[in-house]
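Novice: Before I ask anything, here is the structure I am working with.
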Amino acid sequence: MTGGARPLAVIGAIALAGCASSTAPLDELPRSLTPAEASVVSSSNEFGLDLFGRLAADTPDDNVFTSPLSAYIAIGMVANGADGSTLEGIRSALHQPGLTEEEANEAYRGLLDLFLHLDSSVELEIANSIWYRETMTLRSEFASLSDRVFDAAVRGLSFDDPASVDVINGWVAARTRDRIDEIVAELPPELVMLLINAIYFKGSWQTQFDPDLTRPAPFMLLDGSRVDVPMMTRPDVDSVRYADRDGMRAIELPYGRGAFAMTVILPPDGVTPAELAATLDGPAWMDLTDAFEDVSTFAMIGLPKFRLEWEAVLNPQLAAMGMSEAFTDHADLSRLFDEATGLTISEVKQKTFVDVNEEGTEAAAVTSVGVSITSAPPSFIVDRPFIFAIRERFSGTVLFIGQVLDPRG
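Position 280 of the sequence shown, counting from 1, maps to 285 under our numbering, and the rest follow consecutively.
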């Protein structure tokens, strides 16, 4: 096992312990980004907006709450085990074809350290783990990169032991403060690896909402009907960061010392969130965020108080973004194990949680990437209604036949 002794959140806490002005507002990063880090930030945002736009388009009538960074890191980990056209497809989906592998890995390392050192008043943990079938032989180069770049805990488990599911889910629950307590329900016989990223965030608003001012207020749904929701309000706004761009109206609500903020966007009249999401790419997002300026023209800010739990399998969206080969029998994941043949990404799954209230925001995300053997023997699990017969095999005579809809009788 490697990487488990220094959780990223602990690194950040140790570094921040010596900061003299941990409550002073933040106006800029403590250092300039390297060119590779700036490129990774740009590609991560492009990836995230691309992924979110596809998810919103696929479920235009449902809530969506995804963590682009969690997915970006989890897929970035598996990229270090891919090769050939499979690697090219993964890097295309991540919007980072202009970076070398070494540049991308160094940028990951630097940005993770930077984010976790920014604001002692905000709780942020980014944790990674890799779990593999202990009968397989992990390539030492992959294990070393996972440890050095991502601080990933790398551990072999008996995937045939049902208790291993509890071990993995226990790690997930601990890293998300129990906001997400399960990412796997079982470990199928063809599964040989799970690469998992977990992100936990908890921040208080710089200016909190007074709970006594939260009141039921109308909220218009997509079909034009209205429902009452608990609306948090902040009257007599002295100053807020505001942008109005191409009919979009947006405000920025900072947490803690200001390094992290919630950006709330109202689409133009007559445009749904899914339709707006389809137009948001990297340049459009930069245009909007660059348009923010301090204003004091609002008599009141109102924001619904809400709590969401969301999950999705991201395979269709990621395949459409360029990494389709990784999900097929032609995938080249030969840098994961010494036993390199017949591996594929079977599932990229994400679960998220968010709670927005008068005090601030708590959010968590877990992304898992499952790697399976494509040539594994098939399973036959009788887990749904079935027909059965008792027969004499040589003559073919059926003695009994029936159907079972409920094995409990």
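Think of the CB as a built atom: it goes at the ideal place given N, C-alpha and C, for glycine as much as any other residue.
Do Val-371 and Ala-203 count as a contact pair if the criterion is CB distance below 7 Å?
Specialist: Stepping through the sequence shown from its first residue, residue 203 is reached at position 198. Stepping through the sequence shown from its first residue, residue 371 is reached at position 366. Yes. Within cutoff.
Novice: Per DSSP, which one or two residues make a beta bridge with Leu-227?
Specialist: Against the sequence shown, residue 227 aligns to sequence position 222. Paired residues: none, contrary to the question.
Novice: So the alpha helix (DSSP H) Glu-146 belongs to, where does it begin and stop?
Specialist: On the sequence shown, residue 146 is found 141 positions in, with the first residue counted as 1. In the DSSP assignment, Glu-146 falls within the alpha helix (DSSP H) that extends over 145-155.
Novice: Skipping 5 residues on each side, what residues in its chain have a beta carbon closer than 7 Å to that of Leu-457?
Specialist: With the chain represented from 6 up to 414, any question about residue 457 goes unanswered, as that position is not in the structure.
Novice: Closest to Leu-54 by CA distance: which of Ile-80, Asp-66, Ala-279 and Met-253 is it?
Specialist: Position 49 of the sequence shown, counting from 1, holds the residue named residue 54. Of the listed residues, the one whose Cα sits closest to Leu-54 is Ala-279.
Novice: Val-353 lies in the beta strand (DSSP E); which residues open and close that run?
Specialist: The residue you call residue 353 lines up with position 348 of the sequence shown. Where Val-353 is concerned, the enclosing beta strand (DSSP E) stretches over 348-361.
Novice: Report the three-state DSSP secondary structure of Ala-282 (helix, strand or coil).
Specialist: One-based indexing of the sequence shown puts residue 282 at position 277. Here Ala-282 sits in helix by DSSP.
Novice: Would you mind stating whether Asp-147 and Asn-85 have Cβ atoms separated by less than 7 Å?
Specialist: For this step, residue 147 is matched to residue 142 along the sequence shown. For this step, residue 85 is matched to residue 80 along the sequence shown. Looking at the sequence itself, residue 147 is Phe, so the reference to Asp does not match. In this structure, Asn-85 lies closer than 7 Å to Phe-147 by Cβ.
Novice: With distances taken Cα to Cα, identify the nearest neighbour of Thr-238 among Asp-251, Glu-257 and Pro-216.
Specialist: As a working mapping, residue 238 is identified with position 233 in the sequence shown. Looking at the Cα atoms, Pro-216 is the closest of the given residues.
Novice: So, for Met-198: in the same chain, excluding its five sequence neighbours on each side, which residues have a beta-carbon less than 6 Å away from its beta-carbon?
Specialist: Reading the sequence shown from its first residue, position 193 is the one you call residue 198. Only Tyr-137 and Val-376 meet the Cβ criterion.
Novice: Considering only the beta carbon of each residue, do Ala-61 and Ala-289 sit closer than 7 Å?
Specialist: As a first step, residue 61 is located in the sequence shown; it is residue number 56 there, counting from the start. As a first step, residue 289 is located in the sequence shown; it is residue number 284 there, counting from the start. Contact: no.
Novice: From Ala-394 to Val-172, what distance separates their C-alpha atoms?
Specialist: Position 389 of the sequence shown, counted from the start, is the residue given in the question as residue 394. Position 167 of the sequence shown, counted from the start, is the residue given in the question as residue 172. Near 40 Å, if we compare the C-alpha coordinates of Val-172 and Ala-394.
Novice: Classify Ser-151: buried if its beta carbon has 16 or more other beta carbons within 10 angstroms, exposed otherwise.
Specialist: On the sequence shown, position 146 is the one that residue 151 refers to. Buried: at least 16 other Cβ atoms inside 10 Å.
Novice: Start and end of the alpha helix (DSSP H) containing Thr-91?
Specialist: The residue given as residue 91 occupies position 86 in the sequence shown. Thr-91 -> alpha helix (DSSP H) spans 89-98.
Novice: Within 8 Å, do at least three Cβ pairs link the segment 126-137 to the segment 320-327?
Specialist: no
Novice: Considering only the beta carbon of each residue, do Ala-112 and Val-45 sit closer than 7 Å?
Specialist: Here residue 112 refers to the residue found at position 107 when the sequence shown is read from its first residue. Here residue 45 refers to the residue found at position 40 when the sequence shown is read from its first residue. Yes, the Cβ-Cβ distance between Ala-112 and Val-45 is below 7 Å.
Novice: Taking the Cβ atom as the reference point for each residue, do Arg-144 and Arg-398 lie within a distance shorter than 7 Å?
Specialist: Along the sequence shown, read from residue 1 onward, the residue named residue 144 stands at position 139. Along the sequence shown, read from residue 1 onward, the residue named residue 398 stands at position 393. Not a contact, by the Cβ cut-off of 7 Å.
Novice: Could you give the distance in angstroms between the alpha-carbon of Lys-310 and the alpha-carbon of Met-267?
Specialist: Sequence index remark: in the sequence shown, residue 310 carries index 305 (1-based). Sequence index remark: in the sequence shown, residue 267 carries index 262 (1-based). Rounded to whole angstroms, the separation of the alpha carbons of Met-267 and Lys-310 is 14 Å.
Novice: At what residues does the alpha helix (DSSP H) containing Thr-294 begin and finish?
Specialist: Counting from one through the sequence shown, the residue named residue 294 turns up at place 289. 287-295 is the span of the alpha helix (DSSP H), which, as asked, contains Thr-294.
Novice: Using a Cβ-Cβ cut-off of 6 Å (strictly less than) and excluding sequence neighbours within five positions of Asp-334, which residues of its own chain qualify?
Specialist: Position 329 of the sequence shown, counting from 1, holds the residue named residue 334. Hits under 6 Å: Thr-379.
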